[in-house]
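Enquirer:
In this note's numbering, the protein residues as written are 1490 to 1759.
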């Protein structure tokens, strides 16, 4: 894939607000860039979709996004979407580089001391052949447990919007991540959903023992940066506001407020 040298915006796409964890890191690395954050809240949660219908939906949506925004690059800041439809997007829109979000199994396998690694994901990501292929490619010397949570993405969305969440509900979702084998304990939990890092401090507080909660957001941002050369002379250019777009066209007040807190212009969804 060729490097991209352009002043066109970067799209960051997610099913909801979880992709803000990736956007945050991308902005740190690329402060001169303009971002268009797109949340497919009309389709949220993706775990409830039949695969072929979700694949068709995302590919179709991107036709409109690309036509309207002419992005330099698109970051699919969603594990479920990436493991399902990333290759379809690349085939459908070959002029646009796509950076996906896949479970950080390789770095987890490289870092673990105990050899016991958990991948905490959505049920869709857990069942994908893509995820199991990553384990076969990079973690055959580890014992990898796949934990598919049905509820954590919703709980993370509620938490980041400031709604109260129940500790017992969180504890029940993460409990299967922790196990012991041959005198060793889980020491790394891969956060394989971009919503989950918003709950990382809650996870640390409720965990039965300390582990490394592996967030791939920075690595995703670095991959995007590697595909984009610096603008012009290196001086920081002026650009328009970063914007947030919701496919429902009608996010609630707390979500609008959250987007504004991230410096995203929500007037386009008014």
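C-beta: ideal position from N, C-alpha, C; glycine also.
Does DSSP put residue 1505 in a helix, in a strand, or in coil?
Expert: Walking along the chain shown from the start, residue 1505 turns up at place 16. The answer is coil: DSSP assigns residue 1505 none of H, G, I, E or B.
Enquirer: Tell me the DSSP bridge mates of residue 1794?
Expert: Since the displayed the chain opens at 1490 and closes at 1759, residue 1794 lies outside it and no answer follows.
Enquirer: When we look at the beta-carbon of residue 1571 and count the other beta-carbons within 10 Å, is it buried (16 or more) or exposed?
Expert: Position 82 of the chain shown, counted from the first residue, corresponds to residue 1571. With 16 or more other Cβ atoms within 10 Å, it is buried.
Enquirer: Note the first and the last residue of the continuous alpha helix (DSSP H) segment covering residue 1497.
Expert: Position 8 of the chain shown, counted from the first residue, corresponds to residue 1497. It is not in any alpha helix (DSSP H) - residue 1497 carries neither H nor E in the DSSP assignment.
Enquirer: Alpha carbon to alpha carbon, how far is residue 1657 from residue 1689?
Expert: Here residue 1657 corresponds to residue number 168 of the chain shown, with the count starting at 1. Here residue 1689 corresponds to residue number 200 of the chain shown, with the count starting at 1. Roughly 15 Å separates the two Cα atoms.
Enquirer: Look up residue 1751 in the DSSP assignment and say whether it is helix, strand or coil.
Expert: The sequence position of residue 1751 within the chain shown is 262, counting from 1. Looking at residue 1751 - three-state DSSP - the assignment turns out to be coil, as it is neither helix nor strand.
Enquirer: What are the partner residues of residue 1608, as DSSP defines its beta bridges?
Expert: Translated into the one-based positions of the chain shown, residue 1608 becomes position 119. Bridge partners of residue 1608: 1635, 1679.
Enquirer: Buried or exposed for residue 1724, please, with buried defined as at least 16 other CB atoms from any protein chain shown within 10 angstroms of its CB.
Expert: Indexing the chain shown from 1 puts residue 1724 at position 235. Caution is warranted here: a pLDDT of 49 is assigned to residue 1724, below 50, making its placement in the model unreliable, and the coordinate value is therefore given only provisionally. Exposed, by the Cβ-count rule.
Enquirer: What residues are listed by DSSP as bridge partners for residue 1691?
Expert: Within the chain shown, residue 1691 is the residue found at index 202, counting from 1. According to DSSP, residue 1691 bridges with nothing at all.
Enquirer: For residue 1524, does the three-state DSSP call read helix, strand or coil?
Expert: As a working note, residue 1524 is residue 35 in the chain shown. Residue 1524 falls in the strand class under three-state DSSP.
Enquirer: Taking the straight line between their C-alpha atoms, what separation do you get for residue 1678 and residue 1606?
Expert: As a working mapping, residue 1678 is identified with position 189 in the chain shown. As a working mapping, residue 1606 is identified with position 117 in the chain shown. The straight-line gap from Cα to Cα measures roughly 6 Å.
Enquirer: Restricting to runs no shorter than 3 residues, where is the beta strand (DSSP E) found entirely within the region 1541-1582?
Expert: List check, beta strand (DSSP E) in window: 1562-1565.
Enquirer: Quick check on residue 1731: does DSSP put it in helix, strand or coil?
Expert: For the purposes of this step, residue 1731 is taken as residue 242 along the chain shown, with counting starting at 1. In the structure shown, residue 1731 sits in coil (DSSP, three-state: anything other than H, G, I, E or B).
Enquirer: According to DSSP, is residue 1717 part of a helix, a strand, or is it coil?
Expert: What you label residue 1717 is simply residue 228 of the chain shown in a count that begins at 1. Three-state DSSP puts residue 1717 in a strand.
Enquirer: Could you check the C-alpha separation between residue 1693 and residue 1681 for me, to the nearest Å?
Expert: Taking the first residue of the chain shown as position 1, residue 1693 is located at position 204. Taking the first residue of the chain shown as position 1, residue 1681 is located at position 192. When rounded, the distance between both Cα atoms is 16 Å.
Enquirer: Using the Cα positions of residue 1668 and residue 1508, report the straight-line distance between them to the nearest angstrom.
Expert: Against the chain shown, residue 1668 aligns to sequence position 179. Against the chain shown, residue 1508 aligns to sequence position 19. Their Cα atoms are separated by approximately 29 Å.
Enquirer: Indicate whether residue 1530 and residue 1505 have their beta-carbon atoms separated by less than 8 Å.
Expert: Locating residue 1530 in the chain shown gives position 41, where the first residue counts as 1. Locating residue 1505 in the chain shown gives position 16, where the first residue counts as 1. Yes; because the gap between Cβ atoms is below 8 Å, this pair is in contact.
Enquirer: Identify the residues that DSSP records as bridge partners of residue 1703: which are they?
Expert: As a first step, residue 1703 must be located in the chain shown, where it is residue number 214. For residue 1703, which the question treats as bridged, DSSP gives the partners 1679.
Enquirer: If you measure between the beta carbons of residue 1551 and residue 1526, is that distance less than 8 Å?
Expert: On the chain shown, residue 1551 is found 62 positions in, with the first residue counted as 1. On the chain shown, residue 1526 is found 37 positions in, with the first residue counted as 1. Contact: no.
Enquirer: Report buried or exposed for residue 1730, applying the criterion of at least 16 other Cβ atoms within 10 angstroms of its Cβ.
Expert: Position 241 of the chain shown, counted from the start, is the residue given in the question as residue 1730. Exposed, since its Cβ has fewer than 16 Cβ neighbours within 10 Å.
Enquirer: Among 1670, 1662, 1631, 1528, which one has its Cα closest to the Cα of residue 1510?
Expert: For this step, residue 1510 is matched to residue 21 along the chain shown. Among 1670, 1662, 1631, 1528, the Cα nearest to that of residue 1510 belongs to 1528.
Enquirer: Starting from residue 1619, trace the alpha helix (DSSP H) in both directions and tell me its first and last residue.
Expert: Against the chain shown, residue 1619 aligns to sequence position 130. Per DSSP, residue 1619 belongs to the alpha helix (DSSP H) from 1618-1627.
Enquirer: Let me check one thing: in DSSP terms, what residues is residue 1585 bridge-paired to?
Expert: Residue 1585 sits at position 96 when you count from the first residue of the chain shown. Paired residue(s): none; residue 1585 is not in a bridge.
Enquirer: Between the C-alpha atoms of residue 1597 and residue 1608, what's the straight-line distance to the nearest angstrom?
Expert: Taking the first residue of the chain shown as 1, we reach residue 1597 at position 108. Taking the first residue of the chain shown as 1, we reach residue 1608 at position 119. Looking at the two C-alpha atoms, the distance is approximately 9 Å.
Enquirer: Thinking C-beta only, is residue 1713 closer than 8 Å to residue 1500?
Expert: On the chain shown, position 11 is the one that residue 1500 refers to. On the chain shown, position 224 is the one that residue 1713 refers to. Judged by their CB atoms, residue 1500 and residue 1713 are not nearer to each other than the 8 Å cut-off.
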